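A.B. asks: Last residue of the sequence shown: 860 (our numbering), numbering continuous. The structure that follows is given in the form of structure tokens.
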Amino acid sequence: MENTLHKNNQDDSDSEVDEVEPRLKYVRMRNDLEHILQNDAASCIAVHPKFLCLGSHWGMIHLLDHQGNNIQSKSLQAHTVAVNQISIDQKGDFIASCSDDGKVFIYGLYSTENNHNMSMGRLVKSIAIDPNYYKSGSGRRFITGDDKLVLYEKTFLSRMKLTVLCEAEGGVRSVAWIGHFVAWASDTGVRVYDLNARCSLGLIKWTRSADALPEHYRCNLRWSDDRTLLIGWVDVVRVCQIRKRSIQEMVNRDLPEYVVDPVSTFQVDFYISGIAPLENQLVLLGCLKETDENGKSQRPTLHVVEPKYQDFSVVCGNSLTLRGYKEYSCNDYHLDCLIEENRFFIVSPKDVVVASLYDADDRIEWLLMHGKFEQALEAVTVNNGKDCKKHTLVNVGRVYLDHLLTCEKYDEAGKLCLKILGKDRKLWEEEVYKFARVHQLRSISSYLPRGDVTLDPLIYEMVLYEYLKMDPDGFLQLVKEWSPKLYKVAAVVNGVLEHLLVHNQQQKPDRTVLLEALAILYIHDGKYDKALAMYLKLRHKDVFQLIQKYQLYHTVYDMIEGLMDLDAERAIQFFLEKDRVPSDVVVQELQRNQRYLYLYLDALDKKDSKGKYHGSLVRLYADYSRDKLLPLLRRSDNYPIQEALDICSQRKFFPEMVYLLGRIGNTSEALALMTRELNDMESAIAFCQEHDDEELWNDLIVYSLDKPKAITFLLQKIGTYVDPRLMIQSIDPSLEIPGLKKALVKMMCDYNLQVSVQKGCKKILSNDYFNLQERLIKCHQKGIFIDDDQMCGACHRKIIVREPRNLVVFYCKHSFHEDCLPNFEVVENCVICNSQKDTSLGGGGGDGGRK
Numbered sequence: 010m011e012n013t014l015h016k017n018n019q020d021d022s023d024s025e026v027d028e029v030e031p032r033l034k035y036v037r038m039r040n041d042l043e044h045i046l047q048n049d050a051a052s053c054i055a056v057h058p059k060f061l062c063l064g065s066h067w068g069m070i071h072l073l074d075h076q077g078n079n080i081q082s083k084s085l086q087a088h089t090v091a092v093n094q095i096s097i098d099q100k101g102d103f104i105a106s107c108s109d110d111g112k113v114f115i116y117g118l119y120s121t122e123n124n125h126n127m128s129m130g131r132l133v134k135s136i137a138i139d140p141n142y143y144k145s146g147s148g149r150r151f152i153t154g155d156d157k158l159v160l161y162e163k164t165f166l167s168r169m170k171l172t173v174l175c176e177a178e179g180g181v182r183s184v185a186w187i188g189h190f191v192a193w194a195s196d197t198g199v200r201v202y203d204l205n206a207r208c209s210l211g212l213i214k215w216t217r218s219a220d221a222l223p224e225h226y227r228c229n230l231r232w233s234d235d236r237t238l239l240i241g242w243v244d245v246v247r248v249c250q251i252r253k254r255s256i257q258e259m260v261n262r263d264l265p266e267y268v269v270d271p272v273s274t275f276q277v278d279f280y281i282s283g284i285a286p287l288e289n290q291l292v293l294l295g296c297l298k299e300t301d302e303n304g305k306s307q308r309p310t311l312h313v314v315e316p317k318y319q320d321f322s323v324v325c326g327n328s329l330t331l332r333g334y335k336e337y338s339c340n341d342y343h344l345d346c347l348i349e350e351n352r353f354f355i356v357s358p359k360d361v362v363v364a365s366l367y368d369a370d371d372r373i374e375w376l377l378m379h380g381k382f383e384q385a386l387e388a389v390t391v392n393n394g395k396d397c398k399k400h401t402l403v404n405v406g407r408v409y410l411d412h413l414l415t416c417e418k419y420d421e422a423g424k425l426c427l428k429i430l431g432k433d434r435k436l437w438e439e440e441v442y443k444f445a446r447v448h449q450l451r452s453i454s455s456y457l458p459r460g461d462v463t464l465d466p467l468i469y470e471m472v473l474y475e476y477l478k479m480d481p482d483g484f485l486q487l488v489k490e491w492s493p494k495l496y497k498v499a500a501v502v503n504g505v506l507e508h509l510l511v512h513n514q515q516q517k518p519d520r521t522v523l524l525e526a527l528a529i530l531y532i533h534d535g536k537y538d539k540a541l542a543m544y545l546k547l548r549h550k551d552v553f554q555l556i557q558k559y560q561l562y563h564t565v566y567d568m569i570e571g572l573m574d575l576d577a578e579r580a581i582q583f584f585l586e587k588d589r590v591p592s593d594v595v596v597q598e599l600q601r602n603q604r605y606l607y608l609y610l611d612a613l614d615k616k617d618s619k620g621k622y623h624g625s626l627v628r629l630y631a632d633y634s635r636d637k638l639l640p641l642l643r644r645s646d647n648y649p650i651q652e653a654l655d656i657c658s659q660r661k662f663f664p665e666m667v668y669l670l671g672r673i674g675n676t677s678e679a680l681a682l683m684t685r686e687l688n689d690m691e692s693a694i695a696f697c698q699e700h701d702d703e704e705l706w707n708d709l710i711v712y713s714l715d716k717p718k719a720i721t722f723l724l725q726k727i728g729t730y731v732d733p734r735l736m737i738q739s740i741d742p743s744l745e746i747p748g749l750k751k752a753l754v755k756m757m758c759d760y761n762l763q764v765s766v767q768k769g770c771k772k773i774l775s776n777d778y779f780n781l782q783e784r785l786i787k788c789h790q791k792g793i794f795i796d797d798d799q800m801c802g803a804c805h806r807k808i809i810v811r812e813p814r815n816l817v818v819f820y821c822k823h824s825f826h827e828d829c830l831p832n833f834e835v836v837e838n839c840v841i842c843n844s845q846k847d848t849s850l851g852g853g854g855g856d857g858g859r860k
């Protein structure tokens, strides 16, 4: 067998309208059938699941298998002219045929007992054998159709009984038998006959048209099941359903038990040569009504349609290229089918074509041929590809992939690879080279396997090189995302260096991106010093993360200033964290940049104020942050005072100078700075109060004598610290002093307050003295408890013994036997406490008096 040529049932023009996906595939039957049709021509066909019977124009019946081979060389010379119709019983044991020679031929394939070769003496156009003819006791019935419908059945003593079922108006055109129903067609229409009830179920009249008379066209009858009749005649299709009448319909009426109801009726635009069921659809074989430009017949067509009540929809349609089709008309074609197998046999005089449903492989093949790759890919994945024997997800996907690459749809092709190639390393590598040939590795880069399965390192290097040349930003992204285990790092580093060397004039943004990628590659290669240098050159803040991740603390000793340039705050935090970098190293490296040194030492002082670098910090605060200088001078003793004084003096930092002069004891000069340079009387008074030096107060008074405002201010403040008479006596009587009265009042009030406070303090002290003295006396008058556990401080025996002995007890609660103390008469203090004091203080009186 081989595929026939067929084309979509549309215009033969080169329109770009997509073809409708077919449901059927076509195969031309060959083998022995070819030789038969070379010398003869087919006139009819009957198909059984076991074999098929082909009637010829020479009256032969050829028994063939479904591939066109003769069955045991059986070719029956049943008739002398063309065979009109062949019928096969249900089991395939007997065949029946009829012809215009007037003969009816019944032939048993396995038995000759019920064979017949009968001459009717008239044209026999149709025949139908009982589906149960093979059964013993079935009556061995068959029906013939000529000018009437006749039933033949075997009776007692094997006699043949004839029963005329119906008289036909214009002759019986065709017959179809199933169960106890027989359908037959005459020129008037189609009747269905109930053999059990021996009655007609009614006539389905056929519409007559002057253009196409029914008697000129064969009526095609087909039972799709035991209750559904399909009729195709001229260009009209009818689907009829046989049903039982309801009880209400049969009451008081002499009606048959069954009735024929038309389910669907519609007209097509071609003449019908055959009809067959296909699931819930119909298969129609037909001839186009129009001839070609030469007046010849066009190709026959096979349509799959879905019937509706008075309409239909075309599922698919194909024109068939059968041998000699230009010379044939509608009645020259026949259609038979195996309903259970959904196989259809299309017969022309010189050709037999078998149509069958597309299986999964056929459908995929058609979709690929018509460029419907996505649908083909979806079809091959249905049921995990179990329905496909020829196609797999991989081979269909690779065809689609080649198509996408041809159409330059590279991104879609890259995405498709992920779906179809799975974890097959060899397939991946083969497909990647296709992308490489068109310089589109970037489209597949994000889909390359990088998990359990990896490819040859050269593949990943090829992708990186393409990004390097065409997309520096993408190159950097891949270097960040991809594991260095996927490729040879050293090879990629060399590629980047070579690229940078060749493209030395490359735009700065791209160059910066490539240098960052190079730094990451150096990290992958374990060359951390080069990576750090590269990051610093790029001023990239990931340098700190790099140092911490790989513990590169000793490597940064020569990069301290560079790190400060990058991010001073973060660098200082890094230097100080867990003392990762010794402060001496940092200070040494930052000597060339005093501002960075200031920032570092300032942060170091906040963390550790031991003062190792306070000498340098004084100078740095003087240069960069004067507000921090005086607090440092006040809290620290770890700086050279004279050097600090020189620094402040050079910059005329008078408050700081005042403090430093005060520290070195030069209070007079400090006071002079406050009064002459700062003109700050309040600070001067506070300074005098702090040092509480009479000479300072005198110097302040002398300074204020020729300054009325200063005198007023001083009079208001001095009252509680110095005898105000000293100042008042020194004021020039002729000097005009503003606010003198208020100042004097304030001074006297302050002085009186001071005297009052002194008196109150004295009184309080006197009361406290007498109260304490009284408490002391009472304390000395109290008894001291002695128990049996106490020991003598001299003999170290129990202080209480049986014989009466005098005891000596001191207020410190040390106790002695009187006779154990030497020189008792002269002992005034506890010898134990007294000896401890002598040892610790080098002598002195005791504090434990005797009681």
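Backbone N, C-alpha and C fix where the C-beta goes; we use that ideal spot for every residue, glycine too. The structure displayed is predicted, hence computed values, not measured ones.
#1: Among all the DSSP beta bridges, which residues are the ones paired with valine 92?
#2: Could you say which of Val441, Glu665, Asp482 lies nearest to aspartate 465 if we only look at CA atoms?
#3: Mind the definition here: the segment 226-245 touches the segment 284-303 only if three or more C-beta pairs lie below 8 Å; say whether that holds.
#4: Beta-carbon within less than 7 Å of serine 24's beta-carbon, same chain only, minus the 5 sequence neighbours each way: which residues are those?
#5: Along the chain, where does the alpha helix (DSSP H) that runs through isoleucine 581 open and close?
#6: Are leucine 294 and serine 282 close, meaning C-beta to C-beta below 8 Å?
#7: At which residues does the beta strand (DSSP E) containing phenylalanine 321 begin and terminate?
#8: Going by DSSP in three states, histidine 805 sits in which element: helix, strand or coil?
#9: Provide the residue span of the beta strand (DSSP E) that contains leucine 158, from first to last.
#10: Could you tell me which of Cys416, Ala50, Tyr778 sits nearest to aspartate 360, measuring between CA atoms?
#11: For leucine 641 and isoleucine 556, what's the separation of their Cα atoms in angstroms?
#12: Compute the Euclidean distance between the alpha carbons of serine 452 and valine 472, then round it to the nearest angstrom.
#13: In terms of residue numbering, what span does the beta strand (DSSP E) encompassing alanine 364 cover?
#14: Report the residue from Ala219, Lys399, Leu457 whose alpha carbon sits nearest the alpha carbon of leucine 427.
#15: Identify whether cysteine 397 lies in helix, strand or coil by the three-state DSSP scheme.
#16: Only counting the same chain, and skipping five residues up and downstream in sequence, which positions put a Cβ closer than 8 Å to that of glycine 3?
#17: For tyrosine 161 and threonine 121, what's the separation of their Cα atoms in angstroms?
#18: Within the continuous alpha helix (DSSP H) that includes phenylalanine 696, where are the two ends?
#19: Near tyrosine 531, what residues of its chain come up, given a Cβ to Cβ distance below 6 Å and the 5 sequence neighbours on each side ignored?
#20: What is the residue span of the alpha helix (DSSP H) that leucine 344 lies within?
#21: By Cβ distance below 8 Å, which residues in the same chain neighbour alanine 577 in space, the five residues on each side in sequence not counted?
#22: Cutting at 6 Å between CB atoms, please list the residues of its own chain near isoleucine 841, excluding the five before and the five after it.
#23: When burial is assigned at 16 or more other CB atoms within 10 Å of the CB, is serine 96 buried or exposed?
#24: Sorted by chain position, which residues of the same chain lie with C-beta nearer than 8 Å to glutamate 299's C-beta, five sequence neighbours on each side aside?
#25: Mind checking tyrosine 142: buried by the 16 CB within 10 Å criterion, or exposed?
#26: Leaving out the 5 sequence neighbours to the left and right, which residues in its chain are closer than 7 Å to serine 592 when beta-carbon positions are compared?
#27: From what residue to what residue does the alpha helix (DSSP H) around lysine 616 run?
#28: Suppose only complete runs of 4+ residues qualify. What are the alpha helix (DSSP H) ranges in the segment 661-686, listed by chain order?
#29: If I measure Cβ to Cβ from lysine 478 and keep anything under 8 Å in the same chain, skipping five residues before and after, which residues do I get?
#30: Looking at the secondary structure, which residues open and close the beta strand (DSSP E) in which glutamine 290 lies?
#31: Excluding five sequence neighbours on each side, which residues of the same chain lie with their C-beta closer than 8 Å to the C-beta of valine 159?
#32: Output the distance between the C-alpha atoms of leucine 377 and alanine 364, rounded to the nearest integer angstrom.
#33: Per DSSP, what are the beta-bridge partners of glutamine 86 in this structure?
#34: Label lysine 214 either buried or exposed according to how many other C-beta atoms from any shown protein chain fall within 10 Å of its C-beta, with 16 as the threshold for buried.
#35: Mapping the DSSP letters down to three states, classify phenylalanine 190 as helix, strand or coil.
#36: For a test of the three-state rule: what should DSSP assign to glutamine 384, helix, strand or coil?
C.D. replies: This is what the structure gives:
#1: Ser108
#2: Val441
#3: yes
#4: Note on serine 24: pLDDT 35, under 50, position unreliable in the model; no value is reported.
#5: 577-585
#6: yes
#7: 321-329
#8: coil
#9: 157-163
#10: Ala50
#11: 34 Å
#12: 10 Å
#13: 360-366
#14: Leu457
#15: coil
#16: Within the shown structure, residues of the chain are numbered from 10 to 860, placing residue 3 beyond reach of any answer.
#17: 18 Å
#18: 690-700
#19: Lys539, Ala540
#20: No alpha helix (DSSP H) holds leucine 344; the beta strand (DSSP E) holding it covers 343-347.
#21: Tyr605, Leu608
#22: Gly802, His823
#23: buried
#24: Gln307
#25: buried
#26: Leu613
#27: 603-616
#28: 663-672, 676-681
#29: His508
#30: 290-297
#31: Ile152, Thr153, Leu171, Thr172, Val173, Leu174
#32: 20 Å
#33: Met69
#34: exposed
#35: strand
#36: helix
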